[in-house]
Amino acid sequence: MELRFAPLFSGSSGNAVYVGCDGAHILVDAGLSGARVMQALEGVGVPPGQLSGILVTHEHIDHIRGVGVLSRKFDLPVYATAGTWAAMEGKIGAVAPKNQCVIEPEIGFFLGPVEITGFSTPHDAAESVGYLFELDAARFALATDLGCVRDGWMKYVAGADAVLLESNYDPDMLQAGPYPYDLKKRILSRRGHLSNDDAAAAAVKLAEAGAKQIVLGHLSKENNFPELAMRCSELALNAAGIVPGEDVDLRVALRDSTTGIFCVGAGLE
Numbered sequence: 001m002e003l004r005f006a007p008l009f010s011g012s013s014g015n016a017v018y019v020g021c022d023g024a025h026i027l028v029d030a031g032l033s034g035a036r037v038m039q040a041l042e043g044v045g046v047p048p049g050q051l052s053g054i055l056v057t058h059e060h061i062d063h064i065r066g067v068g069v070l071s072r073k074f075d076l077p078v079y080a081t082a083g084t085w086a087a088m089e090g091k092i093g094a095v096a097p098k099n100q101c102v103i104e105p106e107i108g109f110f111l112g113p114v115e116i117t118g119f120s121t122p123h124d125a126a127e128s129v130g131y132l133f134e135l136d137a138a139r140f141a142l143a144t145d146l147g148c149v150r151d152g153w154m155k156y157v158a159g160a161d162a163v164l165l166e167s168n169y170d171p172d173m174l175q176a177g178p179y180p181y182d183l184k185k186r187i188l189s190r191r192g193h194l195s196n197d198d199a200a201a202a203a204v205k206l207a208e209a210g211a212k213q214i215v216l217g218h219l220s221k222e223n224n225f226p227e228l229a230m231r232c233s234e235l236a237l238n239a240a241g242i243v244p245g246e247d248v249d250l251r252v253a254l255r256d257s258t259t260g261i262f263c264v265g266a267g268l269e
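Spelled out as structure tokens, the structure:
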């Protein structure tokens, strides 16, 4: 079986990622309306009713807006840490008790043949996680909403064949932009978001550890441009002797639409 992933939406206004194979169909976050997420899933050939479950990274609205709707409509289990479940209370509506699945960071579990491990991430949320997916020898990691590059999460992501990596903002655009001071301070903190420069440094480490596909995601609409994020990582990779397009497939996930279907260990379909 082949492990696949598809960023359905990836940005500060909403996030959702499909991960799956013939034996399991998994949605990570549902940060837009249930209708938008359903439409996006259909667009990549996955009927929402065939989902095995929804994984939640953390309780911020750009990651959970459609979670409750989808769970209720299709009777889907929702997987999140205890801290995230507590923080989601009152935000996603009722979820059937049988579908409230609590996970523990660093402890793996299976959905069909896919082994999933949540790993703690440095973000200003109750108990946020990223996810590592393993199917046979194929490994895909989702690492967004990261305040800094830290060994704690990098040890789970390094060695993955493919990574969806946050490249949220350009520091100069953020500092000169319209955000209030407190919000700028939050984004810049070690529990905020990953800058283009930090993402570029992480991309080098990931490529050196064997990653063949890196998709930059969760770009800010106000404080970044896709071309800027891409160029920053390209320069860092080239400086390290790693050639984008040859040694590693480097892409940018689209903010408001599906980027495409990636096959782990291969190029974009």
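For the sequence shown, our numbering begins at 1 and goes up steadily by one.
Think of the CB as a built atom: it goes at the ideal place given N, C-alpha and C, for glycine as much as any other residue.
Anticipated Cβ contact below 8 Å, residue 67 with residue 40, distance rounded
As a working mapping, residue 67 is identified with position 67 in the sequence shown. As a working mapping, residue 40 is identified with position 40 in the sequence shown. That belief does not hold up - the Cβ atoms of residue 67 and residue 40 are roughly 14 Å apart, past 8 Å.
Indicate the three-state DSSP secondary structure (helix, strand or coil) for residue 261 in the structure shown.
Walking along the sequence shown from the start, residue 261 turns up at place 261. In the structure shown, residue 261 sits in coil (DSSP, three-state: anything other than H, G, I, E or B).
Considering only their Cβ atoms, is the gap separating residue 24 from residue 122 smaller than 8 Å?
Counted from its first residue, the sequence shown places residue 122 at position 122. Counted from its first residue, the sequence shown places residue 24 at position 24. No. Outside cutoff.
Beta-carbon spacing of residue 253, residue 135 below 8 Å
Mapped onto the sequence shown, residue 253 falls at position 253. Mapped onto the sequence shown, residue 135 falls at position 135. For residue 253 and residue 135, no; Cβs fall outside 8 Å.
Going by the beta-carbon positions, is the gap between residue 128 and residue 57 smaller than 8 Å?
Looking up residue 128 in the sequence shown gives position 128. Looking up residue 57 in the sequence shown gives position 57. Yes, they are a contact pair.
From this set, 137, 74, 154, which residue's C-alpha is nearest residue 205's C-alpha?
In the sequence shown, counting from the first residue as 1, residue 205 sits at position 205. Considering only alpha carbons, the answer is 154.
Taking 7 Å as the cut-off, does the CB of residue 88 come closer than this to any heavy atom belonging to the ligand FMN?
Inclusion of the ligand FMN in the displayed structure is not the case, the ligand content being empty and no account of it being possible.
Specify, as a first and last residue, the run of the alpha helix (DSSP H) that residue 233 falls within.
As a first step, residue 233 must be located in the sequence shown, where it is residue number 233. Looking at the DSSP string, the run of the alpha helix (DSSP H) that includes residue 233 is 226-239.
Please classify residue 10: is it buried, with 16 or more other beta-carbons within 10 angstroms of its beta-carbon, or exposed?
The residue you call residue 10 lines up with position 10 of the sequence shown. So residue 10 counts as buried.
If I'm right that residue 166 touches residue 194 with Cβ under 8 Å, what's the distance once you round it to whole angstroms?
Here residue 166 refers to the residue found at position 166 when the sequence shown is read from its first residue. Here residue 194 refers to the residue found at position 194 when the sequence shown is read from its first residue. Yes, residue 166 and residue 194 are in contact; Cβ-Cβ is about 4 Å, under 8 Å.
Start and end residues, beta strand (DSSP E) containing residue 251
Looking up residue 251 in the sequence shown gives position 251. Counting along the chain, the beta strand (DSSP E) containing residue 251 begins and ends at 249-252.
How many angstroms separate the CA atom of residue 119 from the CA atom of residue 79?
Translated into the one-based positions of the sequence shown, residue 119 becomes position 119. Translated into the one-based positions of the sequence shown, residue 79 becomes position 79. Computed Cα separation, rounded: 13 Å.
Continuous beta strand (DSSP E) assignments of at least 3 residues falling wholly in the segment 47-92:
53-55, 78-81
Reference residue 150, options 190, 44, 96, 179, closest by Cα:
As a first step, residue 150 is located in the sequence shown; it is residue number 150 there, counting from the start. Comparing Cα-Cα distances from residue 150 to each of 190, 44, 96, 179, the minimum goes to 190.
In whole angstroms, give me the CA-to-CA distance for residue 77 and residue 200.
Sequence index remark: in the sequence shown, residue 77 carries index 77 (1-based). Sequence index remark: in the sequence shown, residue 200 carries index 200 (1-based). Distance between the alpha carbons of residue 77 and residue 200: 35 Å.
Is the beta carbon of residue 63 less than 8 Å from the beta carbon of residue 99?
Within the sequence shown, residue 63 is the residue found at index 63, counting from 1. Within the sequence shown, residue 99 is the residue found at index 99, counting from 1. Cβ distance not < 8 Å, so residue 63 and residue 99 don't count as in contact.
Among 103, 139, 88, which residue has its Cα nearest to the Cα of residue 262?
Counting from one through the sequence shown, the residue named residue 262 turns up at place 262. For residue 262, the nearest C-alpha among the options comes from 139.
Could you work out which residue in 196, 248, 228, 74 is closest to residue 212 when comparing CA atoms only?
Here residue 212 corresponds to residue number 212 of the sequence shown, with the count starting at 1. Ranking 196, 248, 228, 74 by Cα distance to residue 212 puts 248 first.
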